[in-house]
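Count the sequence shown with the numbering used here and you get residues 677 to 1080, in order.
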Amino acid sequence: MSRKNKKKWILPRHRFARNLLAATLGVYTRIRYNIKIERFREQGDRQYLILMNHQTGFDQFYVGLAFRGAVYYLASEDLFSNGWTSAVIKYLVAPIPIRKQTTDVKAVLNCIRVAKEGGTIAIAPEGNRTYSGKTEYMSPSIVPLAKKLGLPIALFRIEGGYGVHPRWSDVVRRGKMRGYVSEVIEPLEYKDMTDEALFERIEKGLYVNEAVADGEFKHKKLAEYLERAMYVCPDCGLSEFESNCDIITCKKCGKKIRYTTKKELCGVGFDFPFRFVNDWYDYQSKYIRGYDLTQHKDEPLYKETVSLSEVIVFEKKIHLADGVGLSLYGDRITAEMGDEVLDLHFDDVTAVVVLGKNKLNIYHCGKLYQVKGSKRFNALKYVHFYYRYKNIMSGDENAEFLGL
């Protein structure tokens, strides 16, 4: 297809869809999340590169309500692998697909294409919603892309999202949120900045740490499914947890921890050493960064029952089996389906990614497998142990990055 006849990315229906969603889902979003969204009145007719921190599943709607006109969001391949549902989303809002945990040249080229057509682009540089309340790792690759696009950079801050709807929870708590453009960095301003200086400014502008008692967030089920994020007990080490209402319990030692309306943690009948989930999460990460994986090459760390699918990227998902026996070892993941055992050795795996609250994607030998467990399934530990193994194999045992 010649360049002259190449189909445009930006179409009039995208603006119409945006206006329709703002009039319907916009109202729902404001009511459900009790968020104050500040319109970006300085927008005018300019296009922007919007960079945002990532706290809830509705973050893209907050951005859409703050900006006029269509916004083109970078979205992971999972959004595009759901058959007709994906086709409808692509038709209405045309998100820009990107493969998670990879250097996706095509995604960069599509961003350039959208920018040249006059579109505003939105990206969450974290690539992941926070589990702890603290802004997660951001890839420095956002800086070369920003400079290549040459658009004014709008930093969109979301505050209170972790208190209202933590990633690990199914329920929305009653509290307060805010979404607003905190800063605009103009092209003339960042043109001569070093990549390091611009990255530092973006990181600082988007960093939010909600490990503070800055308000009340009320619900009967405050601790429910915190076990999706936590799997290390300060007394037992590697463990499993079970939650109910505002209590999470270690299944090894039986100790109970309460999650309060101020996001604080307290032991039931004992002094729990961590005040906030972020403190516990940091301890857990440090524990794994020092863990000796060699002791678990013959015996699994965890065994659980899940369902397994193969994802045909940007097309569909093929259900393989239910009742799959998933085992996590120090150097691999295995999936037992009757007499068949799928051996996913970490040497042959290119990425392990957690999606949404607790889905797991495993990229192995050119194939993508997706794991879904029970509502209490902790996908995060598989990501952490995979990256711990990779760090050791690369000779950098003290590396801090564990996939998120």
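Heads up, the beta-carbon is just placed ideally off N, CA and C, and yes, glycines get one too.
- The region 937-949 makes no contact with the region 1036-1048; the number of CB pairs closer than 8 Å stays below 3.
- Residue pairing from DSSP leaves residue 842 without any beta-bridge partner.
- Three or more Cβ pairs closer than 8 Å define a contact, and the region 821-829 meets that threshold against the region 782-792.
- Remark: fewer than three beta-carbon pairs, one from each stretch, lie closer than 8 Å, so the region 754-772 and the region 838-858 are not flagged as touching.
- Pairwise C-beta distances place the region 896-916 out of contact with the region 865-880, as fewer than three of them are shorter than 8 Å.
- The bridge partners DSSP lists for residue 929 come to none.
- Apart from the 5 residues on each side of it in sequence, residue 921 sits with its Cβ closer than 8 Å to the Cβ of 896, 897, 898, 899 and 900 in its chain, given in chain order.
- Around the Cβ of residue 692, a 10 Å sphere holds fewer than 16 other Cβ atoms; the residue is exposed.
- In the displayed model, residue 730 falls within coil according to three-state DSSP, outside both helix and strand.
- For residue 842 and residue 1057, the gap between their C-alpha atoms comes out near 18 Å.
- If the five residues before and after residue 917 are omitted, its C-beta is found closer than 8 Å to the C-beta atoms of 902, 903, 906, 907, 909, 924, 925, 926 and 927, all from its own chain and listed in chain order.
- When beta bridges are read from the DSSP output, residue 805 appears opposite no residue.
- Remark: C-beta atoms of residue 893 and residue 934 do not approach each other more closely than 8 Å.
- Positions of the alpha helix (DSSP H) runs, each at least 4 residues long and wholly inside the region 999-1036, cannot be given because no such run exists.
- If you look at residue 942, you'll find it in the beta strand (DSSP E) that goes 941-943.
- Counting C-beta atoms within 10 angstroms of its own C-beta, residue 1077 has fewer than 16 neighbours from the protein chains shown and is therefore classed as exposed.
- With a cut-off of 8 Å on Cβ pairs, the region 965-981 is not in contact with the region 1028-1042, counting fewer than three such pairs.
- A straight-line Cα-Cα distance of about 42 Å links residue 1054 and residue 683.
- Of all alpha-carbon atoms in 734, 746, 1017 and 955, the one lying nearest the alpha-carbon of residue 796 is that of 746.
- DSSP places residue 906 in the coil class of the three-state scheme, outside both helix and strand.
- Taking residue 710 as reference, the option from 998, 837 and 979 with the minimal CA-CA separation is 837.
- Under the three-state reduction of DSSP, residue 981 is assigned to strand.
- Cα atoms of residue 751 and residue 874: separation of roughly 23 Å, rounded to the nearest angstrom.
- Residues 801, 802 and 879 of the same chain have their beta carbon placed closer than 7 Å to that of residue 814, with the five preceding and five following residues left out of the count.
- Residue 884 and residue 804 have their alpha carbons spaced roughly 14 Å apart.
- Close CB contacts of residue 794 within its chain, under the 8 Å cut and outside five residues either way in sequence, are with 686 and 723 (chain order).
- Remark: three or more beta-carbon pairs, one from each stretch, lie closer than 8 Å, so the region 1005-1022 and the region 969-988 are flagged as touching.
- Exclusion of the five residues before and after residue 1012 leaves 1000 and 1001 as the residues of its chain whose Cβ lies within less than 7 Å of its Cβ.
- The three-state secondary structure of residue 863, taken from DSSP, is helix.
- Spatial neighbours of residue 761 in its own chain (CB-CB distance under 6 Å, excluding positions within 5 residues in sequence) are not present.
- Annotated three-state conformation of residue 1061 is helix, per DSSP.
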